[in-house]
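**Student:** First to last, the sequence lines map onto chains B and Z. Residue 142 in the UniProt record's numbering sits at position 142 of the first sequence, and the numbers go up by one each step. Residue 125 in the UniProt record's numbering sits at position 125 of the second sequence, and the numbers go up by one each step.
Number of protein chains: 2
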Amino acid sequence: MAIDHLDGRLLVLLAEEPRIGVLEMSRRLGVARGTVQARLDRLQSNGVIRGFGPQVDPAALGYPVTAFATLQIRQGQGADVRAHLATVPEVLELHTTTGSGDMLCRLVARSNADLQRVIDRVVGFDGIVRASTAIVMENPVPLRIIPLVEQAATEH
Amino acid sequence: MAIDHLDGRLLVLLAEEPRIGVLEMSRRLGVARGTVQARLDRLQSNGVIRGFGPQVDPAALGYPVTAFATLQIRQGQGADVRAHLATVPEVLELHTTTGSGDMLCRLVARSNADLQRVIDRVVGFDGIVRASTAIVMENPVPLRIIPLVEQAATEH
DNA sequence: GAGCCTCTGAGCAGATTGTCCAGCTGATAC
DNA sequence: GTATCAGCTGGACAATCTGCTCAGAGGCTC
Chain B
1 MAIDHLDGRL LVLLAEEPRI GVLEMSRRLG VARGTVQARL DRLQSNGVIR GFGPQVDPAA
61 LGYPVTAFAT LQIRQGQGAD VRAHLATVPE VLELHTTTGS GDMLCRLVAR SNADLQRVID
121 RVVGFDGIVR ASTAIVMENP VPLRIIPLVE QAATEH
Chain Z
1 MAIDHLDGRL LVLLAEEPRI GVLEMSRRLG VARGTVQARL DRLQSNGVIR GFGPQVDPAA
61 LGYPVTAFAT LQIRQGQGAD VRAHLATVPE VLELHTTTGS GDMLCRLVAR SNADLQRVID
121 RVVGFDGIVR ASTAIVMENP VPLRIIPLVE QAATEH
């Protein structure tokens with residue numbers, strides 16, 4: 001679960017140039033190929049690396065509008081609401097948070113007008129008492145992990 | 001910018017088994033290798049596929065606590081606050097949203113107690129007027145894109 | 001019909017992968 | 001001090017995949 005400096009460098013390298021192979025990585029890091037392979041296997045079975053799926057940009061797919069909605073859930077309806085939201089493709093992410101029956105979800109839509117349709121679909125469900133939505137204007141820090149990896153690797 | 005059915009299948013396949021190569025993909029999809037290569041190149045230059053970076057799990061790195069903080073920013077201090085937050089490794093993501101000088105950021109921490117340290121560091125900056133934090137308890141829908149890809153591919 | 005784009009199926013040299021192995025090192029246990 | 005162990009190194013091998021090229025076929029628009 002703890003990662004050392006070499007793991008950190010490996011992750012950073014992998015994040016910067018994901019297409020390079022094990023052999024090229026071993027050259028860049030100055031270690032043997034077997035070492036890189038062993039480290040990668042360990043990081044994956046550790047769960048540190050969850051996968052290498054493609055990072056798809058919703059905007060390029062035609063969904064340039066992002067919003068966060070805070071939902072207030074009626075007591076005991078949590079499971080139903082979760083199941084409902086999981087069926088909506090525009091719900092990219094859903095969290096339950098502290099507070100009385102609150103959820104936070106990330107939405108995308110084709111336009112501001114389309115966002116209304118998405119929100120109607122999201123909140124058009126019995127267990128949801130109230131929803132408040134914040135539309136994203138800018139994204140100064142896109143989802144990132146490298147700084148955290150570097151910190152975790154430094155502390156080793 | 002619009003993706004067709006084959007693009008959709010390609011993305012789904014890539015998301016499910018990211019380590020398979022171009023040749024294996026062409027076999028699974030029943031098309032020629034050159035087609036897969038051309039589609040992949042196009043998706044990448046389109047920006048639909050942003051990259052193939054490793055998906056790192058903060059929890060496995062020792063940061064099991066996630067929280068969302070809504071920040072109220074003093075007028076005109078936005079740029080400074082952005083720069084400040086970008087230097088905090090525990091800030092994984094930052095958005096500016098509708099509303100008067102509001103920002104939303106995703107934080108991680110080593111523990112609930114550690115979250116206090118992170119929040120102090122985040123809000124210990126002049127331009128931030130107020131902050132309210134919601135701690136994530138569950139994550140019923142982890143960040144996903146496949147359902148949206150399938151919808152976009154079906155509409156073609 | 002001409003022109004254009006995409007897909008197909010094939011070929012080639014070169015590089016990479018998965019998988020072994022023996023030897024070395026540093027740390028830990030006895 | 002010495003035995004044991006895990007991790008790293010550097011090397012080898014066959015099998016596979018990649019990047020690149022090509023000619024031909026189909027479908028589309030003008």
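Built from N, CA and C at the ideal position, the CB exists for glycine as well. Since this is a predicted model, take the numbers as computed values, not measurements.
Rounding to the nearest angstrom, what Cα-Cα distance links G51 of chain B and E150 of chain Z in this structure?
**Tutor:** 20 angstroms
**Student:** For a contact defined as C-beta to C-beta under 7 angstroms, what are the partners of D57 of chain B on chain Z?
**Tutor:** G47, V48 and R50
**Student:** What in chain B is Cβ-close to D126 of chain Z, meaning under 7 angstroms?
**Tutor:** None at all; the shortest Cβ gap to chain B is about 18 angstroms.
**Student:** Could you please give the first and the last residue of the uninterrupted beta strand (DSSP E) stretch that includes V141 of chain Z?
**Tutor:** Counting along the chain, V141 of chain Z sits inside the beta strand (DSSP E) bounded by residues I128 to V141.
**Student:** Between the region 8-30 of chain B and chain Z, which residues of the former have CB atoms less than 7 angstroms from a CB of the latter, in chain order?
**Tutor:** L11, L14, A15, P18 and R19
**Student:** How would you write the range of the beta strand (DSSP E) that D102 of chain B sits in, first residue to last?
**Tutor:** D102 to A109
**Student:** Nearest chain Z C-beta to H5 of chain B closer than 7 angstroms, yes or no?
**Tutor:** So no, H5 of chain B is outside the interface.
**Student:** Measuring alpha carbon to alpha carbon, tell me which of B:R144, B:L104 and B:E155 ends up nearest V56 of chain Z.
**Tutor:** B:R144
**Student:** Please identify the residue among Z:P89, Z:V65, Z:V136 and Z:V129 whose C-alpha is closest to the C-alpha of L115 of chain Z.
**Tutor:** Z:V65
**Student:** Taking C-beta pairs closer than 7 angstroms, name the residues in chain Z that R33 of chain B reaches, listed in chain order.
**Tutor:** For R33 of chain B, none of the residues of chain Z pass the 7 angstroms Cβ criterion, the least Cβ distance being about 17 angstroms.
**Student:** Could you tell me the alpha carbon to alpha carbon distance between R33 of chain B and G47 of chain Z, rounded to whole angstroms?
**Tutor:** 32 angstroms
**Student:** Look at the Cβ atom of I128 of chain Z, then the Cβ atom of V12 of chain Z, and state whether they are nearer than 7 angstroms.
**Tutor:** Against a cut-off of 7 angstroms, the Cβ pair of V12 of chain Z and I128 of chain Z comes out as no contact.
**Student:** Drop a sphere of 10 angstroms on the beta-carbon of P54 of chain Z, count the other beta-carbons inside from all chains shown, and report buried for 16 or more, exposed for fewer.
**Tutor:** buried
**Student:** Just curious, the beta strand (DSSP E) that I73 of chain B is in, first and last residue?
**Tutor:** V65 to I73
**Student:** Alpha carbons only, please: which of B:V141, B:S100, B:I119 and B:D120 is nearest the one belonging to V136 of chain Z?
**Tutor:** B:S100
**Student:** Give me the DSSP bridge partner(s) of E93 of chain Z.
**Tutor:** Bridge partners of E93 of chain Z: Z:R106.
**Student:** Consider the C-beta atom of G62 of chain B and the heavy atoms of the ligand SAH; say whether any pair is separated by less than 6 angstroms.
**Tutor:** The ligand SAH is absent from the structure shown, which contains no ligands of any kind.
**Student:** Tell me the DSSP secondary structure of G124 of chain Z in three-state form.
**Tutor:** coil
**Student:** Between which two residues does the alpha helix (DSSP H) holding R144 of chain Z run?
**Tutor:** Looking at the DSSP string, R144 of chain Z is not in any alpha helix (DSSP H), and its letter there is neither H nor E.
**Student:** Which residues does DSSP list as the beta-bridge partners of residue 197 of chain Z?
**Tutor:** There is no way to answer for residue 197 of chain Z, as the model of chain Z reaches only from 1 to 156.
**Student:** Chain Z beta carbons: is any one of them nearer than 7 angstroms to that of H95 of chain B?
**Tutor:** Interface annotation, H95 of chain B: in contact with chain Z, CB-CB separation under 7 angstroms.
**Student:** Would you mind giving the Cβ-Cβ distance between L85 of chain B and V122 of chain B, rounded to the nearest angstrom? I have them listed as a contact below 8 angstroms.
**Tutor:** 7 angstroms
**Student:** What residues from the region 137-151 of chain B come within 9 angstroms of chain Z, judged by C-beta to C-beta, listed N to C?
**Tutor:** Of all residues in the region 137-151 of chain B, the ones placed with a Cβ closer than 9 angstroms to any Cβ belonging to chain Z are M137, E138, N139, P140, V141, P142, L143, R144, I145, I146, P147, L148, V149, E150 and Q151, in chain order.
**Student:** Work out the CA separation of I49 of chain Z and R74 of chain B for me, nearest whole Å.
**Tutor:** Their backbone Cα atoms lie some 38 angstroms apart in a straight line.
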